[in-house]
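Novice:
Numbering (UniProt numbering), first residue to last: 1 to 271.
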């Protein structure tokens, strides 16, 4: 499983999205443009969490509880909690953006002061829950919105069950490119990313492309957050079958080198 976060912010030109171009040495999706995120691991399951995923003294939690997230993502409460923790942890590790409250109960405005801890987490020397407890920080799940869930097609050697979240960049915080996984990072309008993709200057995998396309109708962060809040239905899982759907026509018209995926989808449909 993996958690990925679409960080958005307002600009004079409209809504902007934070993306990273992965380094060429990455085993998965090298040179691709992606959102901050990564795999859920043991650090995202605090040792004192019970089997129901209920809150523990070690991790302050505000916003929707694990059961609410479990209902939206169709997973267990413990898994839902880990997915949210991974979303917050990975966003902090890869961008420096921390979706949390400080000791006063206010949203963290200067996450740069936790840079040493950030690097310790990235190198697996520090657990997310230990960092949060030591600094008297509280995880703000209310700053996240469930967005989508995509499962990598079976034919790929590396597969991820990826849960996408949406979040507005907190005021005062600065998303940076200080991560070993990215060759370059930045804020871009969804239309700019799509234009770059059509010109074959931006590499997008099908799930990434689909999330950017979904943002195109929105002009402000408030609009897209309101749309996410208005959708109370459980998040649907998109599997490899989507390759044959009409909404992917535009993608495969440009990504002709991936056309074999449509053939695989058609073959499964005839089986």
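Backbone N, C-alpha and C define an ideal beta-carbon position, used for all residues, glycine too.
#1: As a quick exercise: from 198, 6 and 233, pick the residue whose alpha carbon is nearest that of residue 251.
#2: Of the residues 112, 157 and 74, which one's Cα is nearest the Cα of residue 236?
#3: Give me the Cα-Cα distance between residue 6 and residue 139, rounded to the nearest whole angstrom.
#4: Output needed for residue 72: all residues of its chain with C-beta closer than 7 Å, excluding positions within five of it in sequence on either side, in chain order.
#5: So, for residue 64: in the same chain, excluding its five sequence neighbours on each side, which residues have a beta-carbon less than 6 Å away from its beta-carbon?
#6: Whose C-beta lies closer than 6 Å to the C-beta of residue 170 among residues of the same chain, with five residues either side of it excluded?
#7: With a threshold of 8 Å between beta carbons, is residue 206 in contact with chain D?
#8: Just the C-alpha distance for residue 158 and residue 15, rounded to the nearest angstrom, thanks.
#9: In or out: residue 44 buried (at least 16 other Cβ within 10 Å) or exposed?
#10: Hey, quick one: how far does the beta strand (DSSP E) through residue 252 stretch, first residue to last?
#11: In whole angstroms, give me the CA-to-CA distance for residue 254 and residue 13.
#12: What residues in its chain sit with their C-beta under 6 Å from that of residue 176, if we drop five residues either side in the sequence?
#13: So the candidates are 226, 42, 78 and 195; which of them puts its Cα closest to the Cα of residue 209?
#14: I need the straight-line Cα distance from residue 55 to residue 127, nearest angstrom please.
#15: Can you give, in chain order, each stretch of the beta strand (DSSP E) that sits fully within the stretch 133 to 183 and has at least 3 residues?
Specialist: Reading from the atomic positions:
#1: Among 198, 6 and 233, the Cα nearest to that of residue 251 is on 198.
#2: Residue 236 has its Cα closest to that of 74, out of 112, 157 and 74.
#3: Between the alpha carbons of residue 6 and residue 139 lies a gap of roughly 17 Å.
#4: If we look at residue 72 and ignore the five residues flanking it on each side, its Cβ neighbours are 146, 234 and 235.
#5: 141
#6: 107
#7: In the structure shown, chain D does not exist; there is a single protein chain.
#8: 32 Å
#9: buried
#10: Taken as a continuous stretch (DSSP letters only), residue 252 belongs to no beta strand (DSSP E), being part of the alpha helix (DSSP H) at 249 to 254.
#11: 26 Å
#12: 96
#13: 195
#14: The predicted position of residue 55 is uncertain, since its pLDDT is 43 and thus under 50; a value taken from the coordinates is nonetheless stated next. For residue 55 and residue 127, the gap between their C-alpha atoms comes out near 17 Å.
#15: 138 to 140, 144 to 151 and 161 to 168
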